[in-house]
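Structure record follows, encoded as structure tokens.
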Amino acid sequence: MAEFLTSETFKEKVFDYANEKEWKYKSDLPGIIDFYADWCGPCKMVAPIIEELSTEYEGKLNVWKVDTEAQ
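Position 59 (the sequence shown) corresponds to 58 in numbering that gives the first Met the number 0; numbering is contiguous.
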């Protein structure tokens, strides 16, 4: 299942944009980040695909979701 990220968990698991000047991805696994909003039609259409990928590639791929309205 995709993991929901806050700004703090994003900085811990993906990239610490507050302290780093150069891009440095923190995970050893490839990752997909779904930036979404609850009202977004295309976001709702892609959500089941994102969940399917997270289940199918569990342990091989990080799948994260960021609610753009909350963060």
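In this text, a Cβ means the ideal position worked out from N, Cα and C, and glycines have one as well. Since the model is a prediction, treat every value here as computed from it, not as a measurement.
Rounded straight-line distance, which links the Cα of residue j to that of residue i
i: Ser26; j: Ser53; result: 15 Å
i: Ile48; j: Gly30; result: 15 Å
i: Lys20; j: Lys12; result: 16 Å
i: Leu28; j: Trp38; result: 30 Å
i: Tyr95; j: Ala46; result: Nothing can be reported for residue 95, as the shown portion of the chain is limited to 0 through 70.
i: Ala1; j: Gly40; result: 19 Å
i: Ala17; j: Glu7; result: 10 Å
i: Glu51; j: Asp66; result: 19 Å
Which residues DSSP lists as bridging residue i, in chain order
i: Lys64; result: Phe3, Asp33
Beta-carbon proximity check, residue i vs residue j, cutoff 9 Å
i: Phe3; j: Lys64; result: yes
i: Phe9; j: Lys23; result: no
The ligand FAD heavy atom lying under 8 Å from the CB of residue i
i: Leu28; result: Looking at this structure, you won't find the ligand FAD or any other ligand, since it has none at all.
Assess, as a yes-or-no matter, whether the region 55-70 is touched by the region 32-39 under the definition of 3 or more beta carbon pairs within less than 8 Å.
By the criterion of at least three beta-carbon pairs nearer than 8 Å, the region 32-39 is in contact with the region 55-70.
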